[in-house]
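Engineer:
Residue numbers (my numbering), protein chains in the order written: chain A, 1 to 314; chain B, 1 to 314.
1. Counting only beta-carbon separations shorter than 8 Å, does residue 197 of chain B have a partner in chain A?
2. Rounded C-beta distance between residue 123 of chain A and residue 54 of chain A? I'm assuming under 8 Å.
3. Taking a Cβ distance cut-off of 7 Å, strictly less, list which residues of the stretch 88-105 of chain A are near chain B, in chain order.
4. Name, in chain order, the residues that DSSP records as bridge partners for residue 260 of chain A.
5. Where residue 263 of chain A and residue 258 of chain B are concerned, what is the direct C-alpha to C-alpha distance, given to the nearest angstrom?
6. Does the CB of residue 189 of chain A have a neighbour CB from chain B at under 8 Å?
7. Which of helix, strand or coil does DSSP assign to residue 211 of chain A?
8. Would you mind giving the Cβ-Cβ distance between residue 333 of chain A and residue 256 of chain A, rounded to the nearest angstrom? I have them listed as a contact below 8 Å.
9. Determine the direct distance from the alpha carbon of residue 302 of chain A to that of residue 286 of chain A, and round the result to whole angstroms.
10. Comparing alpha-carbon positions, which option in B:297, B:221, B:232 and B:270 lies nearest residue 239 of chain B?
11. For the stretch 52-70 of chain B and the stretch 277-284 of chain B, state whether three or more C-beta atom pairs, one from each stretch, are separated by less than 8 Å.
12. Closer than 9 Å, Cβ to Cβ, to anything on chain B: give me those residues from the stretch 43-71 of chain A, in chain order.
13. Alpha carbon to alpha carbon, how far is residue 126 of chain A from residue 109 of chain A? Give it in angstroms, no decimals.
14. Less than 8 Å between CB atoms is the rule here; does residue 236 of chain B satisfy it with respect to chain A?
15. Specify whether the stretch 32-51 of chain B and the stretch 27-35 of chain A touch according to this definition: at least 3 beta carbon pairs, one from each stretch, less than 8 Å apart.
16. Kindly indicate which residue of A:76, A:253 and A:66 has the alpha-carbon position closest to the one of residue 46 of chain A.
17. Quick one: using the 10 Å Cβ neighbour count with 16 as the cut-off for buried, is residue 137 of chain A buried or exposed?
18. How do the stretch 63-72 of chain B and the stretch 196-213 of chain B stand: do at least 3 beta-carbon pairs fall below 8 Å, yes or no?
19. Measuring CB atoms only, is the stretch 289-297 of chain A touching the stretch 138-150 of chain A, in the sense that at least three cross pairs come out at less than 8 Å?
20. Using a Cβ-Cβ distance under 8 Å, would residue 82 of chain A count as near chain B?
21. What residues are listed by DSSP as bridge partners for residue 101 of chain A?
22. Anything in chain A within Cβ reach of residue 30 of chain B, meaning under 9 Å, just list it in chain order.
23. My output table needs one value for residue 83 of chain B: the three-state DSSP class, helix, strand or coil.
24. Residue 244 of chain A and residue 65 of chain A - do their beta-carbons sit closer together than 8 Å?
25. Between the Cα of residue 105 of chain B and those of B:43, B:52 and B:151, spot the shortest distance and give me the residue it belongs to.
26. For residue 267 of chain A versus residue 215 of chain A, is the C-beta distance shorter than 8 Å?
27. Short of 9 Å Cβ to Cβ, which residues in the stretch 268-281 of chain A face chain B?
28. Pick helix, strand or coil for residue 17 of chain B, following the three-state DSSP scheme.
29. Counting only C-beta atoms, is residue 76 of chain A closer than 8 Å to chain B at any point?
30. Report the neighbours of residue 193 of chain A on chain B: residues whose CB is nearer than 7 Å to its CB, in chain order.
31. Just tell me which of B:202, B:242, B:298 and B:17 has its CA closest to the CA of residue 111 of chain B.
32. Which class does residue 75 of chain A belong to by DSSP, given the choice of helix, strand or coil?
33. Could you spell out the range, first to last residue, of the alpha helix (DSSP H) harbouring residue 278 of chain A?
34. Hey, is residue 41 of chain B's beta-carbon within less than 8 Å of any beta-carbon in chain A?
35. Kindly list the residues whose CB is nearer than 8 Å to the CB of residue 135 of chain A, restricted to its own chain and excluding five residues on each side of it in sequence; keep chain order.
36. At a cut-off of 7 Å, would you count residue 22 of chain A as near the ligand NAD, judging by its Cβ distance to the nearest heavy atom?
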């Protein structure tokens, strides 16, 4: 009989309910309903999330995810997450997860919702689950990507961007929409999901959003290009979510002598790069093999790049 | 003892689970969790909704809500709602609702979600609940409104707009974002809610979104102006959701001899109108008493206008 790694029974998701105000942490049966009818995450997509990679039994890039989770909560006026509780709950979940004989690499999603209208209290939970075979395949084989406008243009100089990127403090100019939650990683991902469905239906694996010739970001990832010893990524802020994986990569790669810079990138820049990557916490890094149908070069240092990104995640 | 209508015990919400593919309709206890951890409404805000008014025991404006529900589902690639089932479920819920001695006017929200990732099946439910005292107060006393940019600009010529508005069929030009779900009433309302919170925190009751001088829509309503026998509303489509209450009003008012037209409206137009209204299904119509702090005139035909809108809802 041939060994079929895909067919091993995978563990059921492990869910922990995390009281956002510092109460109990308790396990939720994934086969039972979890959320009440009047939770704002359900009725308005009103909440935030972070997805963390669990690799070799450890939580990757925890500090950056925690910082962005806090920044997102602040932008939405949600209670400040007690990160010690989220970390503790994650470890509790991992203990349950790894008690399964076939538990391996996993993702852990933290969700903080504005909560029930009838109580006025925020609600929170996390889910540890297996990484899909599709994501693993894309890591290894890369993705064929289409570019697309977002369908909307975010106005410049929005608040929150500085909070989320940790940059340009005190330089916040007049805000056209002072309540805008751009820069927060919110649950309102339906448009991104629609873009991915459209891409899949048209023979592509993924989408890179563009504004004219300007490269923004992937539907669920950050764009990074390599050319010689130079790494480039579109400047986060505005309509570009600051990426935790990209940040970890740039910090680590800089220390190793690579020249890393965030700046405005054009489509031409991508076509002229040695290689183009979509980086994100769970898929980690997947190479863009085709962009709008045009084959991108396979770099001769692909192994080195993968090792760099993997090391950056600790 | 003084009669205090607010203090009457109101009925608990009535929830019905509606199988989107035409299965069972069953009641859900509102005190128990309802939705599973992997429902897309929860994880991505990926679903649609309609809120209907229940008045004098009847469902208002059912046909238009049904049509928009279907159009929204089509835009998001959700299964086509079986409207007969949703209507049946609504009547079942109303029977339960009106079995309570203090049941009165109510709202009924239909939700259709892309459903559980683990099953790939859409999920649906409806909730009948009391109308908040705040909404009733705003109907009677009007609202003080601030204007604000949305914080983003939706690109012209998006698909779906024609489907949702029922206009300009076959005139769909090249789409900058062919997957865009503009025109659908989706669960991704977090930004609108953030705008309302910001308004409330700054002493306003509501928000009208603008694009420069161009009037778009309320955060949860359609803008309608009255001047003499003329009714005006911003042309729906693009970044303006077609309003079911506005549509009912314009059809009824036209038949009664009012001159109704959708066209581009400026802020100056609102300041020059006899009266400005925010119309929506549950609040019905609330007069804008102040716009960005400037008092708007109280018309001498307020009673007539209210009667007109009420009649339009059947």
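The beta carbon of each residue, even a glycine, is placed where N, CA and C say it ideally should be.
Structural biologist: For this structure:
1. yes
2. Contact flag wrong, Cβ pair sits at about 23 Å.
3. none
4. A:231
5. 56 Å
6. yes
7. strand
8. Outside the shown range of chain A (1 to 314) lies residue 333 of chain A, about which nothing can therefore be said.
9. 11 Å
10. B:221
11. yes
12. 43, 44, 45, 46, 47 and 49
13. 5 Å
14. no
15. yes
16. A:76
17. exposed
18. no
19. yes
20. no
21. According to DSSP, which records beta bridges pairwise, residue 101 of chain A is partnered with nothing at all.
22. 36, 37, 38 and 118
23. helix
24. yes
25. B:52
26. yes
27. none
28. strand
29. yes
30. 44 and 46
31. B:17
32. helix
33. Note, residue 278 of chain A: premise wrong, no alpha helix (DSSP H); beta strand (DSSP E) at 275-280.
34. yes
35. 282 and 283
36. By its list of ligands, the structure shown contains no ligand whatsoever, and the ligand NAD lies outside what it can speak to.
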